[in-house]
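S.K.: Sharing a structure here in structure tokens format.
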Amino acid sequence: MNRTRIAGIGHYVPEKRVTNDDLSKLMTTNDEWITERTGIKERRYGKKHEETTATMGAKATRLAAERAGIELEEIDFIVFATLSPDFYFPGSGVLMQRELGITHKEVACLDVRNQCSGFVYGLSVADQFIKTGMYKNIAVVGSEMHSMGLDYSDNGRHVTVIFGDGAGAVILQPDTRPDAGILTTKIHSDGTHAEQLAMINPGCHGGYHGDKEKYNYPDPSTYGGIFFTPEMHDENMLYPDMNGQFVFKMAVQKFPEVIMEALADVGLDKSDIDMLIPHQANLRISQFVQKKLGLSDDQVYNNIQRYGNTTAASIPIALSEAWQEGKIKDNDLVCLAAFGSGFTWGSALIRW
Ligand SMILES: CC(C)(COP(=O)(O)OP(=O)(O)OC[C@H]1O[C@@H](n2cnc3c(N)ncnc32)[C@H](O)[C@@H]1OP(=O)(O)O)[C@@H](O)C(=O)NCCC(=O)NCCS
68 MNRTRIAGIG HYVPEKRVTN DDLSKLMTTN DEWITERTGI KERRYGKKHE
118 ETTATMGAKA TRLAAERAGI ELEEIDFIVF ATLSPDFYFP GSGVLMQREL
168 GITHKEVACL DVRNQCSGFV YGLSVADQFI KTGMYKNIAV VGSEMHSMGL
218 DYSDNGRHVT VIFGDGAGAV ILQPDTRPDA GILTTKIHSD GTHAEQLAMI
268 NPGCHGGYHG DKEKYNYPDP STYGGIFFTP EMHDENMLYP DMNGQFVFKM
318 AVQKFPEVIM EALADVGLDK SDIDMLIPHQ ANLRISQFVQ KKLGLSDDQV
368 YNNIQRYGNT TAASIPIALS EAWQEGKIKD NDLVCLAAFG SGFTWGSALI
418 RW
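The sequence shown begins at 68 in our numbering and counts up one residue at a time.
Printed below as a string of structure tokens:
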């Protein structure tokens with residue numbers, strides 16, 4: 068069976084920088100609070116009406132394809148991960164396919180809705196398709212246009228200050244080298260605490276899933292399970308919400324656990340890791356994981372300070388930057404790890 072290699076990688080971040088001070092003009096927050104708790108100094112926001120999750124994904128994919136030395140037409144499968152899709156449906160995969168003009172041949176698109184773990188999930192799925200020989204050039208994309216869907220009032224400040232826009236992509240191909248490429252992927256989920264980090268509306272739940280007051284579910288007797296009503300907008304029910312402290316506690320437990328699981332699977336040790344690219348959730352979470360694994364500063368790549376949390380895009384953006392900066396070399400053991408809404412979490416080990 069083939070192994071899978073990352074043949075090309077690219078990323079795109081919008082030009083517009085939004086600093087913590089900029090946000091403090093919109094809501095009651097300040098640079099000190101945000102920096103201390105998250106490490107974030109600024110994030111990028113896409114250009115409204117010009118840029119979308121799909122167009123940013125297309126830019127990252129073009130660069131990844133160029134670096135892989137393939138024509139866009141050679142891409143035979145697109146795996147697109149996002150929580151901020153252009154449309155409710157169809158997914159952003161087909162919109163990016165159209166944007167890239169590769170509709171003339173039989174390209175399949177799969178949309179992944181695993182939020183912060185979306186890229187690792189996408190990579191894991193794509194890896195199986197390469198291994199079985201079904202596809203030869205798979206684009207795995209993570210892209211987010213969070214800025215279009217955040218609550219800029221004080222109600223949403225605990226969420227809004229964290230997130231930013233951007234996209235990253237890889238081209239996967241079969242790898243004929245022995246013991247190189249993607250060595251293993253591990254993916255997990257547990258929906259017990261689904262509402263702790265979620266955007267519940269608009270949705271088709273009709274108030275079904277339990278405690279509506281606690282989780283901001285609309286009252287089904289008022290809404291009758293209607294997918295979207297103007298009241299949902301008026302009553303601030305259309306934004307993501309998060310129990311930050313709960314998420315933090317889960318994250319610091321799951322990140323090391325899933326990294327150790329991947330290492331054990333291929334008989335390696337944490338001391339074998341050359342570069343850890345954690346999902347950029349919060350600098351404090353990354354630092355906790357770094358300490359737990361006994362890694363030095365130059366063995367962990369963080370860019371959340373400049374981009375905030377870009378959810379499905381954060382790992383491919385960080386991987387692309389680390390590679391561009393020469394921090395990942397041939398034969399290095401690269402570890403990707405993610406945790407997020409669902410909860411879902413996962414890891415990947417790649418011999419570069
Ligand atoms: C979100 C997070 C930064 C909040 O930090 P925290 O220390 O848990 O803060 P809390 O939510 O307990 O709020 C502390 C206080 O700050 C206030 N606050 C919340 N957001 C604020 C903001 N942007 N600016 C200023 N004050 C803010 C709260 O209202 C609260 O005030 P109070 O004590 O008067 O009630 C932190 O919990 C976190 O990073 N969690 C993980 C989130 C994450 O990684 N999410 C992505 C997962 S993929």
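The beta carbon of each residue, even a glycine, is placed where N, CA and C say it ideally should be.
Owing to the predicted nature of the structure, the values given are computational and were not obtained by experimental measurement.
Whose C-alpha, out of 352, 395, 191, is nearest the C-alpha of residue 249?
M.R.: 191
S.K.: Whose C-beta lies closer than 6 Å to the C-beta of residue 332 among residues of the same chain, with five residues either side of it excluded?
M.R.: 251
S.K.: Output yes or no for whether 8 Å exceeds the beta carbon distance between residue 236 and residue 189.
M.R.: no
S.K.: CA-CA distance, residue 222 and residue 106?
M.R.: 21 Å
S.K.: For residue 68, is the classification buried or exposed, using 16 other Cβ atoms within 10 angstroms of its Cβ as the cut-off for buried?
M.R.: exposed
S.K.: Please report the straight-line C-alpha distance between residue 268 and residue 216, rounded to a whole angstrom.
M.R.: 12 Å
S.K.: Can at least three beta-carbon pairs, one atom from the segment 348-368 and one from the segment 128-141, be found at a separation below 8 Å?
M.R.: no
S.K.: Classify residue 392 as helix, strand or coil using the three-state DSSP reduction.
M.R.: coil
S.K.: Could you say which of 415, 417, 411 lies nearest to residue 179 if we only look at CA atoms?
M.R.: 411
S.K.: Alpha carbons only, please: which of 146, 225, 307 is nearest the one belonging to residue 195?
M.R.: 146
S.K.: Among 75, 369, 86, whose alpha-carbon lies nearest the alpha-carbon of residue 138?
M.R.: 75
S.K.: Per the DSSP calculation, residue 343 is bridged to which residue(s)?
M.R.: 367, 402
S.K.: For residue 309, which of helix, strand or coil comes out of DSSP?
M.R.: strand
S.K.: What do you get for residue 303, buried or exposed, if any count of 16 or more other CB atoms within 10 angstroms of its CB means buried?
M.R.: exposed
S.K.: Going by DSSP in three states, residue 191 sits in which element: helix, strand or coil?
M.R.: Helix at residue 191.
S.K.: Starting from the Cα of residue 371, find the closest Cα among 108, 95, 77, 114 and give me that residue.
M.R.: 108
S.K.: Are the beta-carbon atoms of residue 211 and residue 86 separated by less than 8 Å?
M.R.: no
S.K.: If we count Cβ pairs, one from each stretch, closer than 8 Å, do we get three or more for the segment 168-184 versus the segment 92-100?
M.R.: no
S.K.: In angstroms with no decimal places, state the Cα-to-Cα distance between residue 202 and residue 240.
M.R.: 8 Å
S.K.: Extract the residue ranges of the alpha helix (DSSP H) inside the segment 214-252, only unbroken runs of 4 or more that lie entirely within it.
M.R.: If you keep only unbroken alpha helix (DSSP H) runs of at least 4 residues inside the segment 214-252, you get 224-227.
S.K.: I'd like to confirm the pairing. Which residues does DSSP put opposite residue 177 in its beta bridges?
M.R.: 146
S.K.: At what residues does the alpha helix (DSSP H) containing residue 77 begin and finish?
M.R.: Here residue 77 belongs to no alpha helix (DSSP H); instead the beta strand (DSSP E) covers 70-79.
S.K.: What did DSSP end up calling residue 374 once you bin it into helix, strand or coil?
M.R.: The answer is helix: DSSP assigns residue 374 an H, G or I state.
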